[in-house]
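Protein chains in written order, with this note's numbering: chain B, 43 to 529; chain S, 2 to 113.
The structure appears below as structure tokens.
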């Protein structure tokens with residue numbers, strides 16, 4: 043706390059206290075009388091005026107200045123505040139209390155029961171609720187259990203003074219948002235400055251001027267109301283964001299859940315899927331259409347995020363369930379034409395997708411395939427001079443771009459021991475740190491020819507392009523399926 | 002991504018594009034490009050000599066451009082796409098829908 047009170051200051055404080063009580067009660071009494079229609083308040087006004095001149099006398103005759111050397115700065119500050127208080131004191135008093143537009147629960151902390159009483163009565167008249175505490179310690183005990191919108195805190199109190207209590211309040215995360223207005227005599231202004239530096243919102247000089255009291259309390263409560271509202275908005279935003287994130291995670295789980303299980307017989311199939319954001323625009327699948335025909339397909343919606351994921355899930359479910367009207371799912375060209383007419387971009391938020399769709403015939407050992415704007419699947423074939431890579435070309439327009447497109451199916455023989463790679467462009471459209479792009483013919487194909495027999499190729503390619511990109515965060519979704527045909 | 006508009010006597014609009022036609026590039030030029038196509042109401046030649054990359058959003062913009070031109074019974078022609086871009090155009094099936102030309106004369110002939 044402020045430095046130990048000088049004997050002179052204590053004398054001023056002790057002399058002023060009863061006079062402040064007289065003024066406070068006189069003003070309350072005057073307001074009560076005014077409420078009842080009594081207009082002749084001369085006697086009360088005389089009492090108030092006399093009390094005020096007594097206070098002036100105490101300030102003038104018992105000032106530190108009058109007794110000893112005092113720093114210039116303090117003297118100027120004290121004079122300024124005396125001036126302010128003087129001008130407020132000469133304002134015509136309005137003795138009718140209006141309920142304040144911002145009301146709240148106010149804790150009054152003062153060791154003088156009369157001070158608390160006067161303040162409480164005045165505040166309740168303005169529509170506030172009040173709590174009372176007789177020192178800092180008592181105030182902290184109350185605050186532990188009682189909600190509170192504003193604290194009026196006397197500076198000088200026994201047991202725990204206002205400065206210490208203020209420090210505790212401002213250090214407590216649960217309390218620090220409550221505005222504190224310091225109550226002090228004008229010659230304690232040095233202490234008030236320290237309190238404001240420590241986080242007090244404002245100060246009220248004793249004796250209380252009703253207009254000033256009302257204005258400062260109103261302003262503090264209004265600020266707190268806005269702050270509380272802000273906090274409430276912030277909490278709501280945080281809750282909404284949390285819920286959205288949870289829902290996005292749910293959606294991401296669903297997108298992954300519809301991807302097929304790896305397979306071991308009659309073909310060994312392994313795949314790796316890595317969306318660039320939580321929700322990717324890639325999806326793929328494979329299933330038996332009948333006893334001898336096995337479909338493999340991979341699609342890539344332009345973009346990623348919620349919209350792309352929704353379209354990719356919708357499209358993959360159409361293929362999986364075989365639900366396109368008048369479509370033979372053994373004929374890739376028909377499937378793509380049907381998808382193209384179902385998913386026109388104008389009706390799907392201007393999004394399109396690319397797809398590779400192939401059907402393997404176990405009897406003829408051929409694969410019939412078509413592409414809607416998708417990079418060709420690759421067939422790794424054993425040959426006399428080592429493995430050869432054959433791109434399975436059958437170029438067609440991307441799905442959703444233009445209505446009524448036709449898609450040509452092509453048929454390719456699959457020699458025993460071949461390996462089929464189906465992937466999206468995110469597997470090779472990779473930017474190097476020097477801004478150059480990985481090249482499909484010069485980099486991607488040779489890499490696959492060389493490493494194509496790695497059983498964990500889908501993972502290996504992902505590690506490779508991350509290395510080329512020099513970072514974990516790829517710009518696009520990554521999907522890669524490897525199908526091993528029996529020897 | 003940027004483009005410049007050049008008028009040529011054959012009554013076509015000639016646009017020279019420069020940069021990467023990826024999501025950022027497509028966003029940068031989309032509104033202006035479609036505005037030029039719609040307001041001129043004449044064939045448009047897109048010079049791709051200086052376009053080094055074409056990604057999915059760029060293809061979407063080309064489809065939009067093609068559709069905008071078709072509404073006026075005009076066409077767009079892509080001039081001189083570089084090999085990586087040409088491969089993307091082929092692989093996306095766009096070269097079946099939007100004409101590509103190797104030379105300026107051929108582009109003007111195709112632009113009707």
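Glycine included, C-beta positions come from ideal geometry on N, C-alpha and C.
| Asked | Found |
| --- | --- |
| Proximity below 7 Å, CB of residue 464 of chain B to CB of residue 527 of chain B | no |
| Presumed contact (8 Å Cβ cut-off) between residue 246 of chain B and residue 164 of chain B, rounded CB distance | Their Cβ separation, rounded to whole angstroms, is 12 Å, which puts residue 246 of chain B and residue 164 of chain B out of contact at 8 Å. |
| Run of the alpha helix (DSSP H) containing residue 224 of chain B, from where it starts to where it stops | From DSSP, residue 224 of chain B is part of no alpha helix (DSSP H) but of the beta strand (DSSP E) over 222-227. |
| Cβ-Cβ distance between residue 80 of chain S and residue 56 of chain S below 7 Å | no |
| The region 26-43 of chain S contacting the region 484-498 of chain B, beta-carbon criterion three pairs below 8 Å | no |
| Where residue 49 of chain B sits in the DSSP three-state scheme | helix |
| is_contact[residue 488 of chain B, chain S] using C-beta, thresh 7 Å | no |
| Chain-order list of residues whose beta-carbon lies under 6 Å from that of residue 174 of chain B (same chain, five-residue window excluded) | 150 and 158 |
| Selection from S:40, S:21, S:92 and S:46 that minimises the alpha carbon distance to residue 77 of chain S | S:46 |
| For residue 144 of chain B: DSSP bridge partner residues | In DSSP, residue 144 of chain B forms no bridge with anything. |
| Pick from S:72, S:71, S:106 and S:60 that is closest to residue 96 of chain S, judged by C-alpha positions | S:60 |
| Residue burial classification, residue 311 of chain B (beta-carbon count within 10 angstroms, cutoff 16) | buried |
| Contacting positions in the region 88-108 of chain S - beta carbon closer than 9 Å to chain B | 88, 89, 91, 92, 93, 94, 95, 96, 97 and 98 |
| For residue 435 of chain B and residue 415 of chain B, the rounded distance between their alpha carbons | 11 Å |
| CB contact flag (residue 365 of chain B, residue 516 of chain B, <7 Å) | no |
| Residue 54 of chain S: contacting residues in chain B (beta-carbon distance under 9 Å) | 471, 473 and 479 |
| The region 331-340 of chain B touching the region 389-403 of chain B, judged by at least three CB pairs closer than 8 Å | yes |
| As assigned by DSSP and simplified to three states, the class of residue 472 of chain B | coil |
| Same chain only: Cβ atoms within 7 Å of residue 407 of chain B, ignoring 5 sequence neighbours per side | 455 and 456 |
| Below-7 Å beta-carbon distance, residue 57 of chain S vs any chain B residue | yes |
| CB contact check: residue 466 of chain B to chain S, cutoff 7 Å | no |
| Own chain partners of residue 370 of chain B with C-beta closer than 7 Å, once the 5 adjacent residues on each side are dropped | 376 |
| Beta-carbon proximity of residue 90 of chain S to residue 100 of chain S, cut-off 7 Å | no |
| Test: residue 30 of chain S CB closer than 7 Å to a CB of chain B | no |
| Every unbroken beta strand (DSSP E) within the region 434-515 of chain B, with a cutoff of 3 residues, ordered by chain | 452-455 and 461-465 |
| Span separating the alpha-carbon of residue 344 of chain B from that of residue 323 of chain B | 7 Å |
| Sub-7 Å separation of residue 458 of chain B and residue 529 of chain B beta-carbons | yes |
| Assigned exposure category for residue 470 of chain B - 16 Cβ within 10 Å defines buried | buried |
| Beta strand (DSSP E) segments (min. 3 residues) lying fully within the region 225-307 of chain B | 244-248 |
| C-beta neighbour in chain S for residue 417 of chain B, strict 7 Å | yes |
| Range of the contiguous alpha helix (DSSP H) that encloses residue 168 of chain B | Element bounds for residue 168 of chain B: n/a, residue is neither H nor E. |
| Contact with chain S by residue 321 of chain B, beta-carbon distance below 7 Å | no |
| Per DSSP, cross-strand counterpart(s) of residue 411 of chain B | B:400 and B:452 |
| Residue of B:219, B:54, B:360 and B:213 minimising C-alpha distance to residue 190 of chain B | B:219 |
| Under the three-state DSSP convention, the category residue 326 of chain B falls into | strand |
| Backbone CA spacing between residue 58 of chain B and residue 283 of chain B [nearest angstrom] | 57 Å |
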